[in-house]
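Reading through the structure tokens given below for one structure.
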Amino acid sequence: MAARSGSMRRYLLQRLALVVPMVWVLVTLVFLLMRVAPGDPVSAALGGRLSPAALAARRHAAGFDKPLVVQYGEYLRDVVTLNFGQTLTDNRPVREVLIDNGGATLTLTLAALIVAFAVGLPLGRRAGRHRDTPPDVGIRLFGIITYAAPVFFLGLILQLVFGVFLDWLPTSDQAGPVVQAEVPTRTHILLLDALLAGQWNSFVDVLRHLILPAVTLGLLLAGVLIRLVRVNLIQTLRSDYVEAARARGIRESDVVGRHAFRNALVPVVTVMGLQIALLLGGAVLTEETFNWPGIGSQLVNYLNERDYTAVQGIITVFAVAVVVVSLLIDVVSAVVDPRVRY
Amino acid sequence: MSQLSVEPVEEPREPAPQGGRGIRRVLSPVRSARGIARILLWAGAAISVLFVVLAVFAPWIAPYRFDQYSAGGHPFPKQGAPDATHLFGTTVQSLDVASRVVFGARTALEVVVQSVVISLLVGVPLGLVSGYLGGWLDRSLVLVMDALFAFPSLLLAIVLSFLLSGLIGGTVTAAALSITVVYIPQYFRVVRNTTVSAKEATYVEAARAIGARPITVMRRYLFTNVVQSVPVIGTLNAADAILTLAALGFLGYGVQPTQAAEWGYDLQRAVADAGAGIWWTGLYPGLAIVLLVTGLTLAGEGLNETLNPTLRTRPLRRVLLPPLPATLAPRTHRDRP
Chain A
1 MAARSGSMRR YLLQRLALVV PMVWVLVTLV FLLMRVAPGD PVSAALGGRL
51 SPAALAARRH AAGFDKPLVV QYGEYLRDVV TLNFGQTLTD NRPVREVLID
101 NGGATLTLTL AALIVAFAVG LPLGRRAGRH RDTPPDVGIR LFGIITYAAP
151 VFFLGLILQL VFGVFLDWLP TSDQAGPVVQ AEVPTRTHIL LLDALLAGQW
201 NSFVDVLRHL ILPAVTLGLL LAGVLIRLVR VNLIQTLRSD YVEAARARGI
251 RESDVVGRHA FRNALVPVVT VMGLQIALLL GGAVLTEETF NWPGIGSQLV
301 NYLNERDYTA VQGIITVFAV AVVVVSLLID VVSAVVDPRV RY
Chain H
1 MSQLSVEPVE EPREPAPQGG RGIRRVLSPV RSARGIARIL LWAGAAISVL
51 FVVLAVFAPW IAPYRFDQYS AGGHPFPKQG APDATHLFGT TVQSLDVASR
101 VVFGARTALE VVVQSVVISL LVGVPLGLVS GYLGGWLDRS LVLVMDALFA
151 FPSLLLAIVL SFLLSGLIGG TVTAAALSIT VVYIPQYFRV VRNTTVSAKE
201 ATYVEAARAI GARPITVMRR YLFTNVVQSV PVIGTLNAAD AILTLAALGF
251 LGYGVQPTQA AEWGYDLQRA VADAGAGIWW TGLYPGLAIV LLVTGLTLAG
301 EGLNETLNPT LRTRPLRRVL LPPLPATLAP RTHRDRP
């Protein structure tokens, strides 16, 4: 037992030690990307709208007239203190944007993950168990096509079919206008707020708005998940302990279900952790397609406004989120699977 | 593999076995592809070739130019439903959807070829040098590449084209460059890791022992051995590049609409049409993306199944044992004295 906790502690420390340089490289990358561009951010965002003197004042206030090294130092200090600056165009703290719109993005990504696992796990398991049979080929094609379809195209088709032709579900926004006005804001997660306020009808309305975006983003991930589960199950089914289980006369469904499938899932969880990047990228596109008021659609707005500080802040947060989530996933899989620790 | 690799060491004066033989060696498992993998590979290749033909012969295949809104003095209808003159209908700007789909293949091909070639040219040599030389260069490159790899690829491409659009405008090259940066780390990682393990092999040691310079070792001995898995990544990256290009176009950061026809941009315009039940402006460019990406992915997966030994299946042959001679017949419990 002592040896076990020792290896766990060592693994955790090693993994944590890797996070710091990773975050540092990422935020430096963001800073360099945003600053190698010629011209200064203030006139790019506000040029033509303000007088030259006012522009200079804004430039000074935002610190863009300081040497690049000083700006870099201040940026690093800001990131450490979780202060991501003020947007240039509407002068809001980036942190406020994140809090206001983060709930919508969180709702969307979690719902998409649920859809992805509900679709991907059973299909991947079936395809892996019956390798090279017609169901396997069909499921693989489904997986490839859901991955090959751009999220905005899939979203468009779902909008056309379920929103316009069948008229079953709403196709844009997070809720109807009345619901948005009526539900009091507490957690910034509309679904939760509606529930907390006890407004059952609002809750259903938000849920109905959530279905199409969540399915769109979820199917993208389901494609990846099907492939992962299938390949890992095939490889696990070849291992000796599976052969041993079969030799003991255990039914094939139990061999797959109890012996192989769970072990095949360990690498799947790790790789799905890496898909957080895909999930975030997909969320930006999904939010844009369904007019979903999340961080991604805010990012697109600020990009169109050429607001450098807002873009820099949001991108930094996304980058840090990716590192933190992959750290969490690694820790979880180390707890679950002792093989990871060594 | 070791047999093939040792070969050049025995005859160092021979002209390098490059070109045809190198390619043939990389492609040789394709001929041995079996079963499903073979079908996947050929179906994917057929779809990809179809789109290459569309791209190359676009001006002859498409009924109109991609930015043409009238013919013979007659303006095209606005958002016209598909009919005999406009097979796929027309857009809100009175452009012919079918022509834009065909010309879109050309844009996609241009961007994909440029981005895959550039990222190969940067990623493979960097990986080779980094893996072979090691040291601080290797360590810092790995750190930067890992960071780039961890970064959400779409966001990276968006930020880059956001910056490049200010510098050189929304051209095909700008789109290709912003996609390139996303894929360099993938080639780098694979080539570097293979190099690190391959440089310990006996044939490399032998090459060093006969006085080969590092550049010679990398070019003549390591190169063909570490690029084995590059075709697979290349094909899958090409598929991914199409999606990234379309996503950039959808967000308004790809190729500018006046420069070329681009499927992602067309889909962005189609979102507004969808509310009115106009399906043809979005359906056809979207289907083109799905079909091309599916084709490339099938080709990549087929290649992977034939090249990757952990996934490869071989046809099973029935093993027939000759009858055992009586003296060697297995003894059972009853035989025991």
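Order-wise, the sequence lines are chains A and H.
Take the first sequence: its position 188, counted from the start at 1, is 188 in the UniProt record's numbering, and no numbers get skipped.
Take the second sequence: its position 265, counted from the start at 1, is 265 in the UniProt record's numbering, and no numbers get skipped.
The beta-carbon is built from N, C-alpha and C at its ideal position, and this holds for glycine as well.
Taking a 10 Å sphere around the C-beta of W280(H), we find 16 or more other C-beta atoms and assign the residue as buried.
Residue pairing by DSSP puts Q86(A) in a beta bridge opposite P93(A). Residues of chain A whose Cβ lies closer than 7 angstroms to the Cβ of I210(H) do not exist, since the nearest Cβ in that chain is about 40 angstroms away.
A Cβ-Cβ distance of about 7 angstroms is found for the pair V206(A) and V179(A), placing them in contact under the 8 angstroms criterion. As a beta-bridge residue in DSSP terms, D96(H) pairs with T90(H). Here G134(H) is not near R192(H), since their CB atoms are 7 angstroms or more apart.
Fully contained in the segment 122–176 of chain H are the following alpha helix (DSSP H) runs of length 4 or more, in chain order: 135–150 and 153–167. Taking 7 angstroms as the threshold, the shortest C-beta distance from G294(A) to chain H does not fall below it. Counting only runs of 4+ residues, the alpha helix (DSSP H) found wholly inside the segment 162–206 of chain A occupies 177–182 and 190–196, in chain order. Going by DSSP, V255(A) is part of no alpha helix (DSSP H) at all; its letter is neither H nor E. By the 16-neighbour rule on beta-carbons within 10 angstroms, L137(H) is exposed. Taking the Cβ atoms as the reference, Q174(A) lies roughly 6 angstroms from L190(A), within the contact range of under 8 angstroms. Secondary structure at L251(H): coil, using DSSP grouped into helix, strand and coil. Against chain H, the CB of A116(A) has no partner CB under 7 angstroms away; the residue lies outside that interface.
If you compare the alpha carbons of T133(A), D330(A) and I145(A) with that of T216(A), the shortest gap goes to I145(A). Under the 10 Å beta carbon count, V319(H) is surrounded by fewer than 16 other beta carbons and is classified as exposed. CA-CA distance, A244(A) to R129(A), rounds to 17 angstroms.
For the pair L267(H) and P285(H), the CB atoms are nearer than the 7 angstroms cut-off. In terms of beta-carbon proximity, L26(A) lines the interface with chain H, with at least one pair separated by less than 7 angstroms.
By the beta-carbon neighbour count (other beta carbons within 10 angstroms, threshold 16), G249(A) is exposed. Within the model, the alpha-carbon separation for G257(A) versus V137(A) is close to 21 angstroms. When Cβ pairs closer than 8 angstroms are counted between the two stretches, the segment 197–206 of chain A is seen not to touch the segment 90–104 of chain A, the count staying below three.
With a cutoff of 7 angstroms on beta-carbon distance, L225(A) and G282(A) are scored as not near each other.
Using a C-beta cut-off of 8 angstroms, the segment 150–163 of chain H makes contact with the segment 176–195 of chain H, since at least three inter-stretch Cβ pairs fall below that distance.
If the five residues before and after P63(H) are omitted, its C-beta is found closer than 7 angstroms to the C-beta atoms of D96, A98 and S99, all from its own chain and listed in chain order. Excluding sequence positions up to five before and after L303(A), its CB lies within less than 8 angstroms of the CB of V311, all in the same chain and listed in chain order.
DSSP, reduced to helix, strand and coil, places S197(H) within a helical segment of the structure shown.
Look at the beta carbons and you see the segment 231–246 of chain A not touching the segment 106–120 of chain H: under three pairs across the two are nearer than 8 angstroms. Rounded to whole angstroms, G264(H) and A197(A) show a C-alpha spacing of 41 angstroms.
Here S333(A) is buried: its Cβ has 16 or more other Cβ atoms, across all protein chains shown, within 10 Å. Annotated as distal: A222(A) and V151(A), with beta-carbon spacing of 7 angstroms or more. Apart from the 5 residues on each side of it in sequence, A37(H) sits with its Cβ closer than 6 angstroms to the Cβ of G302, E305 and T306 in its chain, given in chain order. Here DSSP, grouped into helix, strand and coil, assigns E262(H) to coil. Residues of the same chain with a CB within less than 6 angstroms of the CB of V27(A), apart from the 5 flanking positions on each side, are V79 and T316 in chain order. Closest option to A111(A), judged by alpha-carbon separation, among V300(A), T286(A), V322(A) and Q298(A): T286(A).
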